[in-house]
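Enquirer: Just dropping this structure here.
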Amino acid sequence: MSVNQLILSFLTALAALFPVINPIGSGFIINGFFKDLDAAGRKLAAKKIIINCLMISLGCMAAGHFIILIFGISIPIIQIGGGIVICKTAWDLLSDSKSTDNSGESNKSIKVSIKNIEGKLFYPIAFPITVGAGTISVIFTLMATASVKDNLLLSVFHYIGICVAIFLLLAVLYILVSQGDKLTKRLGYSGNIVINKLVAFITFCVGIQILIKGISGILMGVS
1379 MSVNQLILSF LTALAALFPV INPIGSGFII NGFFKDLDAA GRKLAAKKII INCLMISLGC
1439 MAAGHFIILI FGISIPIIQI GGGIVICKTA WDLLSDSKST DNSGESNKSI KVSIKNIEGK
1499 LFYPIAFPIT VGAGTISVIF TLMATASVKD NLLLSVFHYI GICVAIFLLL AVLYILVSQG
1559 DKLTKRLGYS GNIVINKLVA FITFCVGIQI LIKGISGILM GVS
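Be aware that the sequence shown starts at 1379, since it is given in my numbering, and climbs by one per residue.
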């Protein structure tokens, strides 16, 4: 019975978290940041992003409700703030003129790129592009349904199912990011430009959707 509950919790969490973490879409966006990195630098950066995402996700599960109670922040406010940040990040990607620069890169430029990207691995790549307001709100919702009164073992199985779903989605993201150079080579220069701009536009729309959802949550709460 417990194993069945674990599988059910995992599938439920996977279905709920996949659209908000969106490892495929996030992978294309992150590859836009990593276009100047070599294979070793890409894998190192990908590992750091996954670690950051795990820290955010598991941190929300461990102390999310406690932090929200301390600061008095509601989920709609988190959605509004996260939506604005996502829109800004996507707009920067859309208006990035460097993506149209087809000049060759030397080893020196690659080293500089690794140093420059270091400060972006947590913000905005890990948060809010990969794990943002939408992910946090879904995690809080899953936690609310995972806690079973007077049944600690069942609650633990629910939480394990959520954690396994998070690990699986981030593992998929790591593969897409660490091997992204092979994909970008197949797509070619023009293909990369088109996909990066398209994904950036979709991300901008996702940010607007999260923003509107937060505003709706506040209006519904007021009414």
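Built from N, CA and C at the ideal position, the CB exists for glycine as well.
Using a Cβ-Cβ cutoff of less than 7 Å, which residues in the same chain neighbour Ala1549 once the five nearest sequence positions on both sides are dropped?
Expert: As a working mapping, residue 1549 is identified with position 171 in the sequence shown. If we look at Ala1549 and ignore the five residues flanking it on each side, it has no Cβ neighbours.
Enquirer: Which whole runs of the alpha helix (DSSP H) in the segment 1397-1443 are 4 residues long or more, in chain order?
Expert: Segments of the alpha helix (DSSP H) lying fully in the segment 1397-1443: 1401-1411.
Enquirer: State the DSSP-derived secondary structure class of Asn1529, mapped to helix, strand or coil.
Expert: Position 151 of the sequence shown, counted from the start, is the residue given in the question as residue 1529. Asn1529 falls in the coil class under three-state DSSP.
Enquirer: Less than 7 Å between the beta carbons of Val1509 and Ile1408, yes or no?
Expert: Locating residue 1509 in the sequence shown gives position 131, where the first residue counts as 1. Locating residue 1408 in the sequence shown gives position 30, where the first residue counts as 1. It is not a contact, given that the beta carbons lie outside the stated cut-off.
Enquirer: Any contact of the segment 1528-1539 with the segment 1410-1424, i.e. 3+ C-beta pairs under 8 Å?
Expert: no
Enquirer: What would DSSP say about Lys1498, mapped onto helix, strand or coil?
Expert: As a working note, residue 1498 is residue 120 in the sequence shown. Correct three-state label for Lys1498: coil.
Enquirer: Inspect the CB distances between the segment 1576-1592 and the segment 1422-1434 and report whether three or more fall short of 8 Å.
Expert: no
Enquirer: Considering only residues of the same chain and omitting the five flanking positions on each side of Asp1559, which have a CB-CB separation below 7 Å?
Expert: Residue 1559 sits at position 181 when you count from the first residue of the sequence shown. Contacts found: Ala1417 and Arg1420.
Enquirer: Which residue wins for smallest C-alpha separation from Asn1400, given the options Ala1543, Leu1386 and Met1433?
Expert: The count along the sequence shown starts at 1 and reaches residue 1400 at position 22. Looking at the Cα atoms, Ala1543 is the closest of the given residues.
Enquirer: Taking 7 Å as the threshold (C-beta atoms), are Pro1506 and Gly1450 in contact?
Expert: The sequence position of residue 1450 within the sequence shown is 72, counting from 1. The sequence position of residue 1506 within the sequence shown is 128, counting from 1. At least 7 Å separates the beta-carbon of Gly1450 from that of Pro1506.
Enquirer: Tell me the DSSP secondary structure of Gln1457 in three-state form.
Expert: On the sequence shown, residue 1457 is found 79 positions in, with the first residue counted as 1. In the structure shown, Gln1457 falls within a helical segment according to DSSP collapsed to helix, strand and coil.
Enquirer: Tyr1594 by DSSP, collapsed to three states: which one?
Expert: Here residue 1594 refers to the residue found at position 216 when the sequence shown is read from its first residue. Note that residue 1594 corresponds to Ser in the displayed sequence, not to Tyr. Ser1594 falls in the helix class under three-state DSSP.
Enquirer: For Gly1599 versus Ile1464, is the C-beta distance shorter than 7 Å?
Expert: Within the sequence shown, residue 1599 is the residue found at index 221, counting from 1. Within the sequence shown, residue 1464 is the residue found at index 86, counting from 1. Not a contact, by the Cβ cut-off of 7 Å.
Enquirer: Whose C-beta lies closer than 8 Å to the C-beta of Gly1442 among residues of the same chain, with five residues either side of it excluded?
Expert: Start at 1 with the first residue of the sequence shown, and residue 1442 comes out as number 64. Within the same chain, Gly1442 has close Cβ partners Ile1514, Ile1517, Phe1518 and Met1521.
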